[in-house]
Amino acid sequence: MSPVMIDMLLNALGETLLMTAISGLFSLVAGLPLGLILVITSPGGIAEHRGVHRVLGLIINGFRSLPFIILLVALIPFTRFLVGTSLGTWAAIVPLSITATPYFARVAEVSLRDVDRGLIDAVRAMGASKLRIVWEVLIPEALPGIVSGFVVTLVALIGASAMAGAIGAGGLGDLAIRYGYQRFETSVMIAVIAVLIVLVCGIQFVGDRLVQRIDKRH
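Numbering-wise, this note's numbering comes out as the position in the sequence shown, counting from 1, plus 104.
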């Protein structure tokens, strides 16, 4: 590869990391509370409310049922309204965040549901408030699963960001399509694939080590 292509590859990597980091952060900030609400309002939860649980579940399932490429196109007017354009890295962050949030919410819900019910009941019997149960029991006990699920979400976002390159979102996917596919530059395609593999493996490795550190069962 020429120095110019190497520069383009590094720039595309930076755009992919930016898209993944910001949309991943948004999914964490918005998805974890949604997962908590699903758990605490579920039948038998510490703040049972079947109506809220059912409506929120339907909304989350609705967004999760849409393939990312369809959601990407459907959100173009909304994306243009928010960032002023439907092209580029910042435009891709909008649909990436929206598709990742319900995904992570369900992942977090599964981890939170695995918390020992007996432990929750014991803390409730001691007079702990609902907020205290959430902060001192649910989240700490489910943290390894939440972190592991967040890593999976980040990996999924890397794949989605590459797909967003099909409509000019920038990043590694855009580079692979414009040069590796349309211009038949095999070296570019191979380089993009190699970088994506290293990126995903690196994130998974760091995530696995972090989970091992915070998992009290090990």
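Beta carbons: idealized from backbone N, C-alpha and C, even for Gly.
Buried/exposed call for residue i, threshold 16 Cβ in 10 Å
i      : result
Pro107 : exposed
Asp278 : buried
Phe172 : buried
Leu114 : exposed
Ile318 : exposed
Residue from the options whose Cα sits closest to the Cα of residue i
i      : options                           : result
Gln316 : Thr189, Ile250, Ala260 and Gln286 : Ile250
Phe167 : Val143, Ala204, Arg228 and Arg221 : Ala204
Ile202 : Leu191, Ile126 and Ser252         : Ile126
Gly222 : Ile237, Glu213 and Arg210         : Ile237
Asp220 : Val211, Leu242 and Lys234         : Leu242
Thr124 : Thr257, Leu162 and Ala298         : Thr257
Leu216 : Val302, Ser190 and Leu140         : Leu140
Sub-8 Å separation of residue i and residue j beta-carbons
i      : j      : result
Ser131 : Phe208 : yes
Leu142 : Glu213 : yes
Ser265 : Gly272 : no
Reduced DSSP secondary structure (H/G/I, E/B, other) of residue i
i      : result
Ser190 : coil
Ser106 : coil
Ser233 : coil
Val219 : coil
Curious, which full-length alpha helix (DSSP H) runs of at least 4 residues does the segment 113-183 contain?
-> 154-168 and 172-178
What alpha helix (DSSP H) runs, 4 residues minimum, are completely inside the segment 236-287?
-> Within the segment 236-287, the complete alpha helix (DSSP H) runs of at least 4 residues are 243-268 and 275-279.
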